[in-house]
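Single-structure report; data block below.
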Amino acid sequence: MSVPDRRAKLDRDHAVLSIRRQCVLLGLARSGVYRRRRAANDNDLDVMRRIDELFLRWPFLGSRRLMAVLAAEGVRVNRKRVQRLMRLMGIAALGPKPRTSKPSAGHRISMDRKGRWMDNVFIERLWRSLKYEDLYIKGYADGAELRAGLGQWFDFYNHQRPHMALDNRAPMAVWREAMVGVLPPTAVDMTLLLRRSLDNAAALPTSPQPQQQQVA
């Protein structure tokens with residue numbers, strides 16, 4: 043029986059059993075019974091509703107990234123509150139847990155002293171994110187769906203996904219800040235054109251269409 047259920051069985055006006063004795067029988071800490079519980083935040087339901095929407099769309103987002111996404115939307119919440127609401131909702135981020143990729147004691151990393159191992163680390167991290175955030179979740183049926191889905195994920199990765207190494211900002215936001223004053227005002231933002239092409243590609247049917255019969 044859960045703690046809330048046991049606490050609900052407590053009778054503060056019981057004629058025979060004192061509150062102390064009831065706490066012993068129910069296995070409750072008296073501090074949690076005597077101390078007045080803090081009132082829930084007025085907008086908890088609104089935050090939970092938004093967390094549910096974000097989690098259904100991106101089930102790999104943990105409490106840190108959900109906090110960053112909410113902050114970008116103007117909802118100021120700390121990580122402890124996000125964790126509490128996620129526990130209350132019974133949801134947890136999909137993906138590998140911490141330290142699952144830690145090498146064993148006898149594992150050696152090959153280095154050629156030319157900096158290429160850093161490229162390998164980046165590619166492995168990117169591939170890991172792609173697998174756990176898209177491929178393993180979607181299970182694409184064919185190559186057309188895979189191509190459209192990968193385009194959407196890389197668009198999300200570059201423009202919306204919070205990166206802790208970038209102070210919870212998206213890579214393109216950091217890049218555009220760095221390009222201010224470098225590119226001329228008339229320069230074309232190719233990333234926007236790419237996003238439009240990806241949107242158009244996603245709208246196309248993924249299954250082959252029957253060919254029209256030629257009229258003799």
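Start counting the sequence shown at 43; every next residue gets the next number (the working numbering).
Note that the Cβ used here is the ideal one computed from N, Cα and C, for glycine as well.
In this text, all values refer to a predicted model and were calculated from it rather than measured experimentally.
Kindly give me the distance between the Cβ atoms of M109 and R121, rounded to whole angstroms, as I take these residues to be in contact under 8 Å. That pair is a contact at about 5 Å.
Member of V119, I61, N85 whose CA lies at the smallest distance from the CA of L74: According to the sequence displayed, residue 74 carries Gly and not Leu. Comparing C-alpha distances from G74 to each of V119, I61, N85 shows the shortest one belongs to I61.
Would you call the region 179 to 192 and the region 202 to 217 in contact, with 3 or more CB pairs under 8 Å? Counting Cβ pairs under 8 Å, fewer than three are found: no touch.
Go ahead and label S105 buried or exposed: buried means 16 or more other beta carbons lie within 10 angstroms of its beta carbon, across all protein chains shown. By the neighbour-count rule (16 or more Cβ atoms within 10 Å), S105 is buried.
What did DSSP end up calling R118 once you bin it into helix, strand or coil? Coil.
How would you call I165, buried or exposed, if buried means at least 16 neighbouring beta carbons within 10 angstroms? With a 10 Å radius around the Cβ and a threshold of 16 neighbouring Cβ atoms, I165 comes out exposed.
With burial defined as no fewer than 16 other Cβ atoms inside 10 Å of the residue's Cβ, what is the status of R107: buried or exposed? That one is buried.
Is it the case that the region 46 to 55 contacts the region 63 to 73, given that we only count it when at least three CB pairs across the two stretches are under 8 Å? Counting Cβ pairs under 8 Å, three or more are found: they touch.
Extent of the continuous alpha helix (DSSP H) to which I61 belongs: 61 to 68 is the span of the alpha helix (DSSP H), which, as asked, contains I61.
Leaving aside the five residues before and after R171 along the sequence, list all residues of the same chain whose C-beta is less than 8 Å from its C-beta, in chain order. With the sequence shown as reference, residue 171 is identified as Ser, and Arg is not the correct amino acid for it. Y199.
Can V58 and R92 be called in contact, C-beta distance under 8 Å? Going by C-beta atoms, V58 is not nearer than 8 Å to R92.
Which two residues bound the contiguous alpha helix (DSSP H) that contains Y174? Counting along the chain, Y174 sits inside no alpha helix (DSSP H), nor does DSSP assign it H or E at all.
Looking only at DSSP bridge pairs, what is H205 linked to? Note: H205 sits in a beta bridge opposite R211.
For the alpha helix (DSSP H) holding S44, just list the boundary residues, first then last. Run containing S44: none; DSSP gives neither H nor E here.
Classify A212 as buried or exposed, calling it buried when 16 or more other Cβ atoms lie within 10 Å of its own Cβ. Answer is buried; the Cβ neighbour count reaches 16.
According to the neighbour-count rule (16 or more other Cβ atoms, all chains shown, within 10 Å of its Cβ), is V222 buried or exposed? Exposed, since its Cβ has fewer than 16 Cβ neighbours within 10 Å.
Outcome for W100 when other beta-carbon atoms lying within 10 angstroms are tallied against a minimum of 16: By the 10 Å Cβ count, W100 comes out buried.
Excluding sequence positions up to five away, which residues of its chain have a Cβ less than 7 Å from the Cβ of R54? Counting only residues of its own chain and dropping the five nearest sequence neighbours on each side, R54 has a CB closer than 7 Å to the CB of I61.
Own chain residues within Cβ distance below 6 Å of M43, not counting five before or after: Excluding sequence neighbours, M43 sits near nothing in its chain.
Closest residue to L98 among E175, V119, Y76, D197 (Cα-Cα distance): Minimum Cα-Cα distance from L98 among the listed residues E175, V119, Y76, D197 corresponds to E175.
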